[in-house]
Amino acid sequence: MRDAPLENALTILLLAGAALWPATSEADDEARCAHYTTERRAFFGDTHVHTSLSHDAWAFDTRITPEGAYRFARGEAMGLPPLDETGRGTRIIRIERPLDFAAVADHAEYFGAVVQCTLPESANYATESCQIYREEGRPRSGIPMGAGMSGLTDSTYRRMGALRAPETCGGDDADCQGATDRAWRITIDAAERWNDSPPDCRFSALVGYEYSMTPDLTKIHRNVIFKSAVVPPYPISWAHEKTPWGLWRRLKRECVDAGTGCDALTIPHNSNLSNGRLFEIEYDSAGDVAGQAEAARLRQRMEPLVEIMQIKGDSECRPGMWGVVGSDELCDFEKFDFNIFRPGSPPPPDCEDGASEGALMGKGCLSRRDFVRYALADGLREMQRLGVNPFKVGAIASTDGHDGVPGDVDEYLYDGESGRALNDFGFNPGGLAGVFAEENSRARLFEAMQRRETFGTSGPRIVPRFFGAWDLPADLCKRADLVAQGDARGVPMGGDLPQATAAQKTRGPIFVVSALADPGTAAHPGNDLQRLQIVKGWAEGTTLHQQVVDVAGNADNGADVDPATCAPRGAGARALCGLWRDPDFDPERPAFYYARVIENPSCRYTARYCLKRPEDKRPPVCDDPEVPRTIQERAWTSPIWYEG
0 MRDAPLENAL
10 TILLLAGAAL
20 WPATSEADDE
30 ARCAHYTTER
40 RAFFGDTHVH
50 TSLSHDAWAF
60 DTRITPEGAY
70 RFARGEAMGL
80 PPLDETGRGT
90 RIIRIERPLD
100 FAAVADHAEY
110 FGAVVQCTLP
120 ESANYATESC
130 QIYREEGRPR
140 SGIPMGAGMS
150 GLTDSTYRRM
160 GALRAPETCG
170 GDDADCQGAT
180 DRAWRITIDA
190 AERWNDSPPD
200 CRFSALVGYE
210 YSMTPDLTKI
220 HRNVIFKSAV
230 VPPYPISWAH
240 EKTPWGLWRR
250 LKRECVDAGT
260 GCDALTIPHN
270 SNLSNGRLFE
280 IEYDSAGDVA
290 GQAEAARLRQ
300 RMEPLVEIMQ
310 IKGDSECRPG
320 MWGVVGSDEL
330 CDFEKFDFNI
340 FRPGSPPPPD
350 CEDGASEGAL
360 MGKGCLSRRD
370 FVRYALADGL
380 REMQRLGVNP
390 FKVGAIASTD
400 GHDGVPGDVD
410 EYLYDGESGR
420 ALNDFGFNPG
430 GLAGVFAEEN
440 SRARLFEAMQ
450 RRETFGTSGP
460 RIVPRFFGAW
470 DLPADLCKRA
480 DLVAQGDARG
490 VPMGGDLPQA
500 TAAQKTRGPI
510 FVVSALADPG
520 TAAHPGNDLQ
530 RLQIVKGWAE
540 GTTLHQQVVD
550 VAGNADNGAD
560 VDPATCAPRG
570 AGARALCGLW
580 RDPDFDPERP
590 AFYYARVIEN
600 PSCRYTARYC
610 LKRPEDKRPP
620 VCDDPEVPRT
630 IQERAWTSPI
640 WYEG
């Protein structure tokens, strides 16, 4: 399975990126990092991290600040709950490999209330509502791994309710704008302090926040990421704008078009908990096609990415959804377990072409629009109707960790979210964001996100490349100029196939996908790759089609895991590459294509957690046959589109 010339050539590309810490300064856009390259390299980060400024994270005993989060991302050790009597975290952790970039994305809702209730110098600190929020005097023992959400939800909602009391902020940040401004300033200052400028460019600290729209306990959340520290005077939250359309219009008016140098984009997450509403086909009440097309253009401009994987599950696809034709044996990966919220409840029904509410309480239905692959197909269908694709989104992954430790995704290290909250084996460590950029500066990373030259992984630092064209050299996988050829003849992930002649369309498009396995560390080497796949999707009326093709590697390579030790067994590859021409291409039918990289099986964190403990000290879920013991980690590239 190993191809030495291929492995050597791809390894050179990987090491070129791994040996340096990339970056450029946003203050001087002409200044370049020492490692700048026009062929772009992969940088790994986490664009979705919560700290003590998030109302729920603080209630989960997180005391790591935005500054602490950036320090952790750069390799410093931090303390997680349970807390000691001084309020310090007692579980000390550190990631083995620093990240290249990170964004603190605290919930903008209740920014001011959290500051008022947690900073002793606040005038409202001693109020009854703030004391309820802090739960002063309660034991800080944490919730053991595998204990589930029992008892947590009621306590959390009671404490959240205290933040809405008139003596704090009354649920409206306009009543405590000064405290909100302070929280926003803390966020910006931390990013400024830890952002590394040229020529070293070791780390990019992105400014951001989360817009947490939660109507009827349905999750329609988005992270807002800025290109620089030139940002609006306060974060535009759900308290200010009740719809995503309002958020996008405000960001465009007050940031993108303000003439200040500000730029922003949004990244939705957890479509799998949106009851069919995050990718619902609606256009802010626009009645005619022209108005809907205008709205679709706004959405496409402001929302180029989607978070495909995080601690609350994978949102790529799901088996057996209504109106979806074609099979995919690997769709049943890290799916969110609604029993976490309502133990013993039956699986949610299929929404079919509808939507519902209540996902955050385990209620309502599950829609195909809760999954990115089918939203991409709906986007093509709308593009044919409107001339604009509203769901033209690339892939990214992150953690959504609420403990202030970006990049804490290694299965061998992960011991649960916050030591107090979300400690159910149905959750997972989350993923990493991958960005192909010329350098690791805020500006170049942001521009790569805008053009969707991004990928997500379920945690490993797999490096995938994906190009689409009408003609590519047959020996491209053995050539050192794969990237140069892909750029010259076609487009990278996130792009549109170039214009083609009639003869080229007759032959159909050709794609090249290559991947390097995660090198890992000396203590924890990365796992081998099993196979590379290309996923194709298209729409015919209300029917959505999916096709999955193996283009390199071997699904039957016999690799597995020793369940007693978690040691990998069997053959695999450190590098894979393959070309595939679509034999069923129809020039009259728009389609999208993306690559998926699959590792050999490895132990899930649940197995590692249980094996590390004596049998008499293991929680009952260690013996639960429904809890997965192994997984196949993976990476997803952004799509390449053919829109006719």
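Heads up: the sequence shown runs through residues 0 to 643, numbered per numbering that gives the first Met the number 0.
Beta carbons: idealized from backbone N, C-alpha and C, even for Gly.
query, result
"Distance, R603 Cα to R628 Cα", "5 Å"
"Cross-strand partners of Y641 (DSSP beta bridge)", "A590"
"Secondary structure of A76, DSSP reduced to three states", "coil"
"Boundaries of the alpha helix (DSSP H) in which A394 is found, first to last residue", "Premise fails: A394 lies in the beta strand (DSSP E), G393 to A396, not in any alpha helix (DSSP H)."
"Range covered by the alpha helix (DSSP H) that runs through Q383", "V371 to L385"
"Status (buried if at least 16 other CB within 10 Å, exposed otherwise) for D377", "buried"
"Nearest-angstrom beta carbon gap, V392 and E295 [assumed within contact, 8 Å]", "Note that residue 295 is Ala in the sequence shown here, rather than Glu. Going by Cβ atoms, the distance from A295 to V392 rounds to 13 Å, so no, they are not a contact pair."
"Continuous alpha helix (DSSP H) assignments of at least 4 residues falling wholly in the stretch 191–220", "none"
"Inter-stretch contact at 8 Å, needing at least 3 Cβ pairs: the stretch 179–191 / the stretch 63–80", "yes"
"Chain-order list of residues whose beta-carbon lies under 6 Å from that of M320 (same chain, five-residue window excluded)", "R367"
"Exposure of T85, with buried meaning 16 or more beta-carbon neighbours within 10 Å", "exposed"
"Opening and closing residue of the beta strand (DSSP E) in which I266 lies", "A263 to H268"
"Euclidean distance between Cα positions of L575 and D623", "36 Å"
"Buried or exposed (CB count within 10 angstroms, at least 16 for buried), R380", "buried"
"Length of the line joining the Cα atoms of E625 and P562", "16 Å"
"When W469, S440 and D414 are compared against T36, the one with the closest alpha-carbon", "S440"
"Q648 classed as buried or exposed, judged by whether at least 16 other C-beta atoms fall within 10 angstroms", "With the chain represented from 0 up to 643, any question about residue 648 goes unanswered, as that position is not in the structure."
"Backbone secondary structure at W537 - three-state DSSP", "strand"
"M308, DSSP secondary structure in three states", "strand"
"CB of S644 within 7 Å of CB of M448, strictly", "This structure leaves residue 644 out entirely; the chain is present only between 0 and 643."
"C-alpha distance - K226 paired with D45, whole-angstrom precision", "15 Å"
"Sub-7 Å separation of L264 and P231 beta-carbons", "no"
"Start-to-end residues for the alpha helix (DSSP H) that takes in C116", "F110 to T117"
"Closer than 7 Å to chain C by CB, N269", "Protein chains in the displayed structure number just one, and chain C is not present."
"P405 versus A76, H34, A101 and L79, residue with shortest Cα-Cα distance", "A101"
"Spatial distance of R249 from I235 (CA atoms)", "8 Å"
"The stretch 297–315 in contact with the stretch 453–466 per 3-pair CB rule at 8 Å", "yes"
"Straight-line Cα distance separating I224 from E446", "12 Å"
"Coarse secondary structure for P627, derived from DSSP in three states", "coil"
"Buried/exposed call for V697, threshold 16 Cβ in 10 Å", "The requested residue 697 is not part of the displayed model; the chain covers only 0 to 643."
"According to DSSP, residues forming a beta bridge with P524", "G519"
"For E598, the residue or residues it bridges with in DSSP", "L528"
"Residues that DSSP places opposite W635 in a beta bridge", "G455 and R595"
"S51 classed as buried or exposed, judged by whether at least 16 other C-beta atoms fall within 10 angstroms", "buried"
"Continuous beta strand (DSSP E) assignments of at least 3 residues falling wholly in the stretch 44–94", "77–82 and 88–92"
"Under the three-state DSSP convention, the category P243 falls into", "helix"
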